[in-house]
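J.: Residue numbers (the numbering used here), protein chains in the order written: chain A, 1163 to 1279; chain B, 368 to 479.
Below you will find the structure I want to go over with you.
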Amino acid sequence: GAVVSQHPSRVICKSGTSVKIECRSLDFQATTMFWYRQFPKQSLMLMATSNEGSKATYEQGVEKDKFLINHASLTLSTLTVTSAHPEDSSFYICSAVGPAGNQETQYFGPGTRLLVL
Amino acid sequence: QKEVEQNSGPLSVPEGAIASLNCTYSDRGSQSFFWYRQYSGKSPELIMSIYSNGDKEDGRFTAQLNKASQYVSLLIRDSQPSDSATYLCAVKKSGGSYIPTFGRGTSLIVHP
């Protein structure tokens, strides 16, 4: 149980285009999901907290208009990188809190590797 | 002082030895503690969680928590080359609204 999926696993796009990444909790409902970014050999950097049915809470320094987060259901959150640039190339990882009865533990998705040319 | 501190390593141990990974935290209100393993190029995977002082064992892994001293450690017995990874410590206050804080991780290398 407590499986989180991400799609796509890898994406290459041209500079200026937008990319949508999906994060799904497959066997539990997640009221809260987190989005992280990790550059090579760096630690996890929390970008935002996504709560179902409400606006995401962004960490300081993360542009909310560039990284659009939608958490429309208890099993799906999406991150859209708008007008992507090469410096947005990174490993994007989501996590979900749950399942019910275990709201303490984060379960991570497999990550999405984004390369912007 | 960082909220969650880990020695970045690398920590190098021979195969079969005990690897000891340490983590200290600054917030005394912390209630939940987690160890994650992250292989290169992959996302973190949960190894263990611990909430009470003392030891918690799961197979070759033992988590140790000392809230008075504000540290949590992870012992890996009979270390294998496949244990080579970065180990992340995460600390969280109780309650759903608190966001866990991750350390920068300790790189472990188990050499044959």
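Built from N, CA and C at the ideal position, the CB exists for glycine as well.
So S324 of chain B packs on G376 of chain B, CB below 8 Å; how close in whole Å?
T.: Within the shown structure, residues of chain B are numbered from 368 to 479, placing residue 324 of chain B beyond reach of any answer.
J.: Let me confirm a value: A1234 of chain A is counted as buried when at least 16 other C-beta atoms fall within 10 Å, else exposed. Which label applies?
T.: exposed
J.: Check each candidate in A:M1209, A:T1267, A:T1237 and name the one with the smallest Cα separation from M415 of chain B.
T.: Sorting A:M1209, A:T1267, A:T1237 by C-alpha distance to the C-alpha of M415 of chain B places A:T1267 at the top.
J.: Which one of B:P411, B:G426, B:A430, B:P467 has the shortest CA to CA distance from T453 of chain B?
T.: B:P411
J.: Going by C-alpha distance, which of B:Q398, B:I466, B:E372 is nearest L388 of chain B?
T.: B:E372
J.: Are at least three pairs of beta-carbons, each pair with one atom in the segment 1239-1251 of chain A and one in the segment 1168-1183 of chain A, less than 8 Å apart?
T.: yes
J.: On a CA-only basis, which of B:Q437, B:G472, B:L442, B:Y406 is nearest A384 of chain B? Give me that one, please.
T.: B:L442
J.: Listed in chain order, which residues of the segment 371-394 of chain B have Cβ atoms closer than 8 Å to some Cβ of chain A?
T.: none
J.: So, E370 of chain B versus S393 of chain B, is the Cβ gap smaller than 9 Å?
T.: yes
J.: I1255 of chain A: buried (16+ other C-beta within 10 angstroms of its C-beta) or exposed?
T.: buried
J.: Would a check of beta-carbon distances place F1253 of chain A closer than 9 Å to chain B?
T.: yes
J.: With distances taken from CA atoms, which of A:L1277, A:E1225, A:I1231, A:K1226 is nearest D1250 of chain A?
T.: A:L1277
J.: Could you work out which residue in B:G396, B:F469, B:G426 is closest to S446 of chain B when comparing CA atoms only?
T.: Closest option to S446 of chain B, judged by alpha-carbon separation, among B:G396, B:F469, B:G426: B:G426.
J.: Here's a check: name, in chain order, each residue in its chain whose Cβ is nearer than 6 Å to the Cβ of H1169 of chain A, leaving out the five neighbours to either side.
T.: E1184
J.: Considering only their Cβ atoms, is the gap separating I476 of chain B from S451 of chain B smaller than 9 Å?
T.: In contact: S451 of chain B and I476 of chain B (Cβ atoms closer than 9 Å).
J.: Could you tell me which chain A residues have their CB closer than 8 Å to the CB of K409 of chain B, listed as they occur along the chain?
T.: P1272, G1273
J.: Whole angstroms is fine: what's the gap from K1228 of chain A's alpha carbon to L455 of chain B's?
T.: Straight-line Cα distance between these residues: approximately 28 Å.
J.: When burial is assigned at 16 or more other CB atoms within 10 Å of the CB, is F404 of chain B buried or exposed?
T.: The identity of residue 404 of chain B in the sequence shown is Arg, whereas the question assumes Phe. The residue is buried, with at least 16 neighbouring Cβ atoms inside 10 Å.
J.: For a contact meaning CB atoms closer than 7 Å, what does L413 of chain B contact in chain A?
T.: T1267, Y1269
J.: Run through the DSSP bridge pairs and tell me what S422 of chain B is partnered with.
T.: Note that residue 422 of chain B is Asp in the sequence shown, not Ser. DSSP lists B:Q431 as partners of D422 of chain B.
J.: Can you give me the Cβ contacts of L1236 of chain A inside the same chain, cut-off strictly under 8 Å, excluding the 5 residues immediately before and after it?
T.: S1187, Q1191, A1192, T1193, E1214
J.: Taking C-beta pairs closer than 7 Å, name the residues in chain B that S1205 of chain A reaches, listed in chain order.
T.: F469, R471, G472
J.: Looking only at C-alpha atoms, which of A:A1258, A:R1275, A:S1216, A:S1205 sits nearest to G470 of chain B?
T.: A:S1205
J.: Go ahead and pull the three-state DSSP assignment for E1249 of chain A.
T.: helix
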